[in-house]
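Written below as structure tokens is the structure these notes are about.
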Amino acid sequence: MGDGTSETKSSNQMWGGRFAQGPSAIMEEINASIGFDKKLFAQDIRGSIAHATMLSHQGIISADDKDKIVHGLDTILSEIESGQFEFSRRLEDIHMNIEARLSDLIGPAAGRLHTARSRNDQVALDFRLWVKEELQKCEGMLTSLIAAFLDRAEEHAETVMPGFTHLQTAQPVTFGHHCMAYVEMFGRDRQRVRHAIEHMDESPIGAAALAGTGFPIDRHMTAKALGFREPTRNSIDTVSDRDFALEFLSIASICAVHLSRLAEEIVIWSTPQFGFVRLSDAFSTGSSIMPQKKNPDAAELVRAKTGRINGSLIALLTVMKGLPLAYSKDMQEDKEQVFDSAESLELAIAAMTGMVRDMTIRVDRMKAAAGSGYSTATDLADWLVREAGLPFRDAHHVTGRAVALAEQKACELAELSLADLQAIHPDITDKVFGVLTVEASVASRTSFGGTAPSEVRKQIAWWRTRN
Ligand code: ARG
């Protein structure tokens, strides 16, 4: 230690041969974001064209320089799109890679583009544009998933299945009703997406480094050109804020949790023990050793993607926590989390839409299961309240005794004789058998939002007008 030479040597010893060039190579590696932020090239170019056009309109740069800049940027766009562009890590990020190339192409006029802006508002703009577009894509994908569920619900408005609580048979429901539960969940996700788009619909460009600028820029003009409702109102907040990314990740996490619950149900339903659905070949795989197997891999992977997405939310929340205003380089860590989650979420929604559309619903298996496990016990209790005037708590007790007797006789409730039932409570008549079937049970549940086919059809009709 002490003189510069031994300092360098000891660093090299610590970090190993990979950093043969010494600490500056390490700096470059930790600092550069081009490896992932090149994804923002189209947004960066769009933002720069809007900025240059505004600068020229305001007389801050000449029309001639503006034309050169716009033409140069268009050239760069096609170079990147056609794979000819050479990204350089030495130039750190997408912003400097593009600006350096612009300077190669058009010379000194390129240097005027960065008037009245900073990479701080530039990256806030590019990333916000990207997230907004991603949310618009998610909105459309959720609409397709909802449409797939609406079709299945319509087809199976009358199909009975067991409804569960604690994954124990609870009461019979219709498969259409179960599908509509997912329509509600994904419908809320889509609402969250729409609200988030509204929240982030403000243009950051022109906030400059953090304090705004003395140049007579027109932020309303750039906001309009870039499709934002209006410019952001506080330049310090503008370059500090990553709420829009956190909101995306929160929405993605909640949606992933919904997808994961659906995935889990599909995994359970497709077991030979349940046998409620048969997955299409397109969304399942075989086993290399057990020829009889058909595995729900796509559903399992959707379930697992939730881990990555939720992890990204926690990662970015933790990056942002405790950062002083305004920009800090920590914020460069925002992008990979969002990009990875976006890719995972898109894949998960697409896979689920395909599975829901393709899977075969095994109506007979669902119906057989719907009637087992004394699923109509509540209907017996309700009948005793309605027809025999019992308080519900007493009716619950009487029904409990009927279930115990059926269990003892190893039969269903509807298979008990009238004499058996009357021995438990004398007011029971043979009319009770009319409510003990699963069809009667579901048909009776006509309360708003209930499982009766007539009600489910109303729910479907309501959603059809809201796409
Ligand atoms: N690559 C940077 C990021 O993603 C761009 C902004 C850099 N700003 C700065 N002041 N160094 O955050």
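Residue numbers (my numbering): 50 to 516.
Built from N, CA and C at the ideal position, the CB exists for glycine as well.
- For the options K384, S127 and D379, the alpha carbon positioned closest to that of F85 is the one of K384.
- Spatial neighbours of T478 in its own chain (CB-CB distance under 8 Å, excluding positions within 5 residues in sequence) are listed in chain order as E436 and L467.
- The alpha-carbon of N80 is positioned some 12 Å away from that of M380.
- Measuring C-alpha to C-alpha distances from R166 to each of G324, P253 and R237 identifies P253 as the nearest.
- Residue burial is scored here from C-beta neighbours: Q185 has fewer than 16 other C-beta atoms within 10 angstroms and is therefore classed as exposed.
- R327 is bridged by DSSP to T409.
- Cβ-Cβ separation between H227 and M210: approximately 7 Å, consistent with a contact (criterion under 8 Å).
- Between the alpha carbons of G212 and A219 lies a distance of about 5 Å.
- Taking a C-beta distance under 9 Å as the contact criterion, R239 and T192 qualify as a contact pair.
- Runs of the alpha helix (DSSP H) spanning 4 or more residues and lying entirely within the region 69 to 152 occur at 72 to 80, 83 to 86, 90 to 106 and 112 to 130, in chain order.
- The three-state secondary structure of S252, taken from DSSP, is strand.
- For the 9 Å CB-CB criterion, C304 and C187 form a contact.
- Secondary structure note for T355: its alpha helix (DSSP H) is the uninterrupted segment D346 to M369.
- Under the criterion of beta carbons closer than 8 Å, F198 and V405 qualify as touching, at roughly 6 Å.
- In the displayed model, E279 falls within a strand according to three-state DSSP.
- It is roughly 57 Å from the alpha-carbon of Y423 to the alpha-carbon of K88.
- In this structure I143 is not in contact with L122, their Cβ atoms being roughly 13 Å apart against a cut-off of 8 Å.
- Contact between I195 and G236 holds: their C-beta atoms lie close to 6 Å from each other, under 8 Å.
- In the three-state DSSP reduction, G420 falls in the helix class (H, G or I).
- In this structure, S490 places its C-beta atom within 9 Å of the C-beta atom of T425.
- The shortest CA-to-CA distance from S111 to any of V316, L162 and E77 is the one to L162.
- Sequence-distant Cβ neighbours of S319 in its own chain, meaning closer than 6 Å and more than five residues away, are V326, L328 and P345.
- Per the C-alpha coordinates, the member of D292, I285, F90 and I473 positioned closest to I246 is D292.
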